[in-house]
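Peer 1: Submitted below is the structure of interest, expressed as structure tokens.
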């Protein structure tokens, strides 16, 4: 059984620092909060955290928890970041960016289903088109990771369903590549070819993978000459060169 190569998924997270007037929260909290923001902007995360914790002693404002979550995430302290973002949305369930922070943290922790739900909430609440698009991209990426887990467990049908969900949110090339691979291993060669063709039609860096899986599917359909053609194309991708050469060697 051929194993699909792991694709690196980068997430676009949105973090902001709020400007507050002193009257919007107790004076001591506002002072510590704004000092924390200055430390955060300067990359001094330890002192930023201290200042946000100081601010929380006199105010449980959701914005303080949000910035605290950002600072913890910058330090890669994910359980602490998760807890801070969770507090943010508990206090203010309508604060869209809190769900974005939570979704990103869940993703890095490998909690992909929770990540999907948080990003969906972010997409629902945000009024900015660009942020909604980023949320949809991140939902798709989380579904791809869920599909990778399902496929690893041998649950091909569930993986296919998760990848189809991913594609509903974003025309994501890695989703189509994994879909082509999953269909191929599940014996559905026509669908594998369709998924590979979607990647081939895109301006994608993953075309080598698509050529390779299309070649495998064509080989199973006894279309030897076409299979060779796609393995020759796959050879141009360094990641698939040896795999394609192996297939070609035994087709001559």
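Numbering (mature numbering (1 follows the signal peptide of the UniProt record, and there is no 0)), first residue to last: -22 to -1, 1 to 230. Even glycine gets a Cβ: it sits at the ideal position worked out from N, Cα and C.
#1: With burial defined as no fewer than 16 other Cβ atoms inside 10 Å of the residue's Cβ, what is the status of residue 177: buried or exposed?
#2: Does the Cβ-Cβ distance between residue 151 and residue 128 come in under 8 Å?
#3: My assumption, with CB atoms under 8 Å, is that residue 81 sits in contact with residue 96. Please give the rounded CB distance.
#4: Taking one C-beta from the region 100 to 114 and one from the region 85 to 92 each time, how about it: are there three or more such pairs within less than 8 Å?
#5: Going by beta carbon distance, what residues of the same chain come within less than 7 Å of residue 164, once the five residues before and after it are set aside?
#6: Taking 8 Å as the threshold (C-beta atoms), are residue 170 and residue 191 in contact?
#7: Pull up the distance between the alpha-carbon of residue 71 and that of residue 216, whole angstroms please.
#8: Quick check on the burial criterion: 16 or more other C-beta atoms within 10 angstroms. Buried or exposed for residue 93?
#9: Does DSSP put residue 148 in a helix, a strand or coil?
#10: Can you tell which of 36, 189, 160 and 161 has its C-alpha closest to the C-alpha of residue 205?
#11: Return the first residue and the last residue of the alpha helix (DSSP H) that residue 73 is part of.
#12: Take the Cβ of residue 140 as the centre, count every other Cβ of all protein chains shown within 10 Å, and call the residue buried at 16 or more, exposed below.
#13: Taking residue 69 and residue 50 to be in contact with their CB atoms under 8 Å, please state how far apart those CB atoms are, rounded to whole angstroms.
#14: What do you get for residue 230, buried or exposed, if any count of 16 or more other CB atoms within 10 angstroms of its CB means buried?
#15: Grab me the residues of residue 123's own chain with a C-beta within less than 6 Å of its C-beta, minus the 5 sequence neighbours each way, in chain order.
#16: Quick check: the Cα distance between residue 219 and residue 210, rounded to an integer number of angstroms?
#17: For residue 114, which of helix, strand or coil comes out of DSSP?
#18: Would you identify the three-state DSSP class for residue 166, choosing helix, strand or coil?
#19: Considering only their Cβ atoms, is the gap separating residue 66 from residue 30 smaller than 8 Å?
#20: Could you check what DSSP says for residue 202 in three-state terms: helix, strand or coil?
#21: Using the Cα positions of residue 110 and residue 131, report the straight-line distance between them to the nearest angstrom.
Peer 2: In short, the structure shows the following:
#1: buried
#2: no
#3: 3 Å
#4: no
#5: 134
#6: yes
#7: 48 Å
#8: buried
#9: coil
#10: 189
#11: No alpha helix (DSSP H) contains residue 73, which DSSP labels as neither H nor E.
#12: buried
#13: Not quite, the Cβ-Cβ distance comes to about 17 Å (not below 8 Å), so this is no contact.
#14: exposed
#15: 90
#16: 9 Å
#17: helix
#18: coil
#19: no
#20: helix
#21: 32 Å
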